[in-house]
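Those letters in the sequence shown? Residues -16 to -1, 1 to 316, per mature numbering (1 follows the signal peptide of the UniProt record, and there is no 0), in order.
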Amino acid sequence: MKALLTLASLVGIARAVSSSDVVIEEWEAWKMAFGQNYSTLAEEKFRMNVFMGNKAKIAKHNYQAHRGQHSYFLKMNRFGDLLHHEFVSQMNGYRDDLREQSPKGATFISPANVDLPTEVDWRTRGGVTPVKDQGNCGSCWAFSATGSLEGQHFRKNGKIVSLSEQNLMDCSLYYGNYGCNGGLMDYAFKYIKENGGIDTEEAYPYEGALNDCRYQVKTKGASDIGFVDLPKGDEQKLKEAVATMGPVSVAIDASHEAFMFYSHGIYDEPHCQPDSLDHGVLVIGYGSEDGADYWLVKNSWGTKWGDAGFIKMTRNKQNQCGIASKASFPLV
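As structure tokens, this is what we get:
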């Protein structure tokens, strides 16, 4: 009997050690993949526990998704060691509180006698630059703004030119933006108009922190003459604009943990609020998949987030996540 108890104890210990080894291996692999280091052992222990908690949530969601309870899947990414509120504070820089003072754009006029395509993807037409990465900075508004202007510049001139988010970060403070502490796409469009242009990404590369304004007209990549605001909450108007005008800047509610770890599928979050806007992104198309309508959205969190940096968000579900609540594009 003693022998059996001893054997059982040894097996239990072996399993515990094996499980612990797996956890440590996964943690070390994640740190290496995303270049994470910590200043103290206490900090690392805390972050490892956060990582394991996030990993468990991802596993639970994906188990439910395989059983048909969700239309999308999650995956671990560089946000794995962040608590949810840390992620929201760090990454979501659309300043909805600034909207009351924001300038008003021109009114969108629907195109006449145009049959809208059932599917649009501006990547296939060449009107979208590669996915960028805002880093640990709430500058999403700048990336959304440059993405829309890049698309409008392409539609007019037939050339895709990557534009400088850092130029907007450094130079549009007077217009109401706050660098890594957030801003509005419309403020960026207003700055570009009054400044007479925006530099190219090549001439004015991204630094992820506020610096002195260094715009140079000789390296101007594009300009605008104003901007158009779409009717609030109108997904049909957003569809018309994306189909006929190009990529459109939008603000969304990206405050949910599922968005944090999105992988693929159509993101459908019923708790998303149409008026709790905290993140600027770019709608570059739309379509349908297995009978479900979606928006095709470009994010600015690098290619290791989401579906190579993109996300499909549910469409025609009462303006879910506010995707049509604050949509605009520049005029060129």
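For every residue, glycine included, the Cβ atom is placed at its ideal position computed from N, Cα and C. Please read all numbers here as calculations on a predicted model, not as lab measurements.
- Per the C-alpha coordinates, the member of 181, 307, 161 and 198 positioned closest to residue 220 is 307.
- Annotation: residue 287 is outside any alpha helix (DSSP H) and is labelled neither H nor E by DSSP.
- In this structure, the alpha-carbon of residue 275 lies about 16 Å from that of residue 101.
- DSSP, read as helix, strand or coil, puts residue 273 in strand.
- Of the residues 258, 291, 257 and 208, the one whose Cα lies closest to the Cα of residue 90 is 208.
- A residue is called buried once 16 or more other Cβ atoms fall within 10 Å of its Cβ, and residue 153 is buried on that count.
- The alpha-carbon separation between residue 19 and residue 88 amounts to approximately 43 Å.
- Taking a C-beta distance under 8 Å as the contact criterion, residue 111 and residue 138 qualify as a contact pair.
- Just measuring C-alpha positions, the residue of 56, 267 and 93 sitting nearest residue 113 is 267.
- Residue state for residue 201 is assigned as helix, using DSSP reduced to three classes.
- Nearest C-alpha to residue 281 among 6, 78, 34 and 293: 293.
- The C-beta distance from residue 172 to residue 129 rounds to 4 Å, short enough to meet the 8 Å contact threshold.
- Beta-bridge partners of residue 232 (DSSP): 267.
- With fewer than 16 other Cβ atoms from the protein chains shown falling within 10 Å of its own Cβ, residue 142 counts as exposed.
- Distance from the CA of residue 226 to the CA of residue 176, rounded to the nearest whole angstrom, comes to 21 Å.
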